[in-house]
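Numbering (my numbering), first residue to last: 32 to 247.
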């Protein structure tokens with residue numbers, strides 16, 4: 032159940048989702064709460080009568096041979112090689128672009144099996160809103176695609192703690208096993224400044240009491 036403070040933040044965001052807003056990105060470090068917030072926002076919008084398609088960029092990973100070609104511990108590899116942006120644009124972003132036919136594919140890769148996927152296209156309703164959650168959504172290849180975007184700002188000390196509870200990784204962001212992920216985010220911040228590029232920045236450190244830090 033949503034806390035009143037969280038529901039208030041989500042409601043303020045949902046108020047901005049009227050047409051012509053179609054493509055919405057929910058960005059933030061791993062462990063910042065992107066998927067949960069995207070699902071909550073989607074549910075609120077559906078309750079208001081807006082059809083919503085929710086997609087995660089985590090279903091558009093490159094195969095392992097590409098993801099790890101710079102080494103399994105490489106932050107640059109995580110930043111540069113994690114996702115297949117060509118497939119993501121073709122299968123998700125372009126169908127929801129102005130004049131797009133709304134026929135989209137929600138996935139291109141199964142990260143657990145490393146299998147490439149080509150699912151049957153799905154037909155979204157003409158007035159459907161697309162909500163995408165994932166890492167690096169304000170990088171140059173994607174930045175111009177969003178009609179509205181959020182960046183969840185959570186310190187690495189907290190995201191590492193959440194990842195440890197979820198994945199069994201170290202709760203210390205300075206641990207060598209976390210270097211690939213934390214340093215890749217630092218590359219992203221320095222290269223793309225997602226806090227500046229996002230329409231809205233939300234401090235999601237306390238998930239019960241998120242704070243709207245900036246409207247674009």
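Glycine residues also receive a C-beta, built at the ideal position from the N, C-alpha and C atoms.
Asked                                                                                                            : Found
Per-residue burial, residue 190 [other beta carbons within 10 Å of its own, 16 or more giving buried]            : buried
Beta-carbon gap between residue 78 and residue 98 smaller than 7 Å                                               : no
Extent of the continuous alpha helix (DSSP H) run through residue 39                                             : 35-45
Inter-stretch contact at 8 Å, needing at least 3 Cβ pairs: the stretch 211-218 / the stretch 105-122             : yes
Beta-bridge pairing of residue 57 - partner residues as DSSP gives them                                          : 164 and 181
Whole-number beta carbon distance between residue 152 and residue 248, since they are thought to touch under 8 Å : Any property of residue 248 remains undetermined from this structure, which presents the chain solely from 32 to 247.
Residue interval of the alpha helix (DSSP H) (run including residue 67)                                          : 65-78
According to DSSP, residues forming a beta bridge with residue 140                                               : 147
Sub-7 Å separation of residue 88 and residue 165 beta-carbons                                                    : yes
Simplified DSSP state of residue 245, which is helix, strand or coil                                             : strand
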